[in-house]
Amino acid sequence: MTAAKQGRAKAPARRDENRDPVSLLRRMWVIRAFEEKVSALYAAREIVGLLHLGIGQEAVAVGVCGMLDADDLVYGGHRSHGHAIAKGADLNRLMAELAGRATGYCRGKGGSMHVVAAETGFVTASGVVGGTVPLALGAAFAAREKGVGRVAVVFFGDGAGQTGPFHESLNIASLWGLPVIFVCENNGYAEFTPLSAHTKVERLARHAETYGIPSATVDGNDILAVRKAMGRAVDNARAGKGPTFVECLTYRLRGHYEGDPGKYRELSQLADWKKKDPIARFTRVLKRRRAASAKDFEEAEGDARALVEAAAEFALASPWPEPEETGTQVWA
Ligand SMILES: Cc1ncc(C[n+]2csc(CCOP(=O)(O)OP(=O)(O)O)c2C)c(N)n1
0 MTAAKQGRAK
10 APARRDENRD
20 PVSLLRRMWV
30 IRAFEEKVSA
40 LYAAREIVGL
50 LHLGIGQEAV
60 AVGVCGMLDA
70 DDLVYGGHRS
80 HGHAIAKGAD
90 LNRLMAELAG
100 RATGYCRGKG
110 GSMHVVAAET
120 GFVTASGVVG
130 GTVPLALGAA
140 FAAREKGVGR
150 VAVVFFGDGA
160 GQTGPFHESL
170 NIASLWGLPV
180 IFVCENNGYA
190 EFTPLSAHTK
200 VERLARHAET
210 YGIPSATVDG
220 NDILAVRKAM
230 GRAVDNARAG
240 KGPTFVECLT
250 YRLRGHYEGD
260 PGKYRELSQL
270 ADWKKKDPIA
280 RFTRVLKRRR
290 AASAKDFEEA
300 EGDARALVEA
310 AAEFALASPW
320 PEPEETGTQV
330 WA
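Per numbering that gives the first Met the number 0, the sequence shown starts with residue 0, numbered consecutively.
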């Protein structure tokens, strides 16, 4: 069976295979198309529960994961469909998980916020804000003890940067020189609270400084800037030089959750950020550099939408988990 038939969006096996700019654009399109479809299925009540979309933040997911090897480990949070896809998650199984079906990654028991796609190196998402930051330290510690040269990456938001586990993790990662990369998606809001109302530290990377960790703050809607910062971070982690903090300034173009009326932000702010859409922006870069043909651009979006439609069909045709399964795979 081909990768496309399995619902896999040609995930990078190794960082070196991932230099083709068109493949980066294609991967961003897969994430965008996937989340737009999920939004439509949610409106149709085919997907239920709380749903957080990362539309507008695709350059961070693809920029970061594209610099990793297949066996590097990635931890997400509550807004992590894009992170899982960028690390190579199978679209069919991911969509089925969101739709609560037995063919999903966690047999439909995890849903949007608790996806585990272990064989891709996407270890887990989590609904506990800041909760996966210390978990990534464990993976980094194990990798170092085993001497396997693997790195661990954790994605989190600016809100998570105000939690206790985040600060404890930075301190220990620095002290022990762990091969972990902290990727902060600073999208300016924690739920409905603007950054200025939850901290006086406007740049989260300043916390890294406090704990003696090198950092970079980059335009998170510029995939090339994200890749550059990540390249350095990964090289340092693999060379035994310890952690790096990469702060990506970005914006979510959807509400905090699907159905969020969004009254806490100005429409003009949204319109300004739409102009900085990471996909449109990278498309413009490629056009300027004549790095892709008109057909490449058309196919990048078209193929992504076709893959996602197939994933939705697969998910909705899949069986529900049996009621007897309720108590299995549950650790209690
Ligand atoms: C420990 C914990 N506290 C509070 C919440 C409620 N909560 C859900 S999302 C969220 C905001 C998170 O903001 P941020 O980390 O910036 O991520 P973003 O939503 O912007 O991606 C909060 C407070 C939670 N899920 N877990």
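Even glycine gets a Cβ: it sits at the ideal position worked out from N, Cα and C.
For Asp218, the three-state secondary structure derived from DSSP is strand. Thr131 sits buried, since 16 or more C-beta atoms from the chains shown fall within 10 Å of its C-beta.
Within 8 Å of the C-beta of Gly258 there is not a single heavy atom belonging to ligand 1.
Bounds of the beta strand (DSSP E) holding Thr123 are Phe121 to Thr123.
About 6 Å separates the beta carbons of Phe281 and Leu24, which is inside the 8 Å limit, making them a contact pair.
Just so you know, the alpha carbons of Asp234 and Ala42 end up roughly 43 Å apart. About 5 Å separates the Cβ atoms of Tyr74 and Ala135, confirming a contact at the 8 Å cut-off. Secondary-structure assignment with DSSP links Leu177 through no beta bridge to anything. In the DSSP annotation of this structure, Val127 is not part of any beta strand (DSSP E), being labelled neither H nor E.
In this structure, DSSP gives Tyr74 an extended state, which the three-state scheme calls strand. Between the alpha carbons of Leu97 and Gly53 lies a gap of roughly 15 Å.
Around the beta carbon of Trp28, a 10 Å sphere encloses 16 or more other beta carbons of the protein chains shown; the residue is thus reported as buried. Excluding five sequence positions before and after Gly176, the CB atoms of its chain that fall closer than 6 Å to its own CB belong to Gly241, given in chain order. Per the C-alpha coordinates, the member of Gly146, Leu49 and Ala172 positioned closest to Gly137 is Ala172. Under the DSSP definition of a beta bridge, Gly156 partners with Glu184.
Contact between the stretch 255 to 272 and the stretch 224 to 232 is absent, with fewer than three C-beta pairs closer than 8 Å. Inclusion of Thr216 and Glu184 in the CB contact set at 9 Å is not warranted, their separation being larger than that value.
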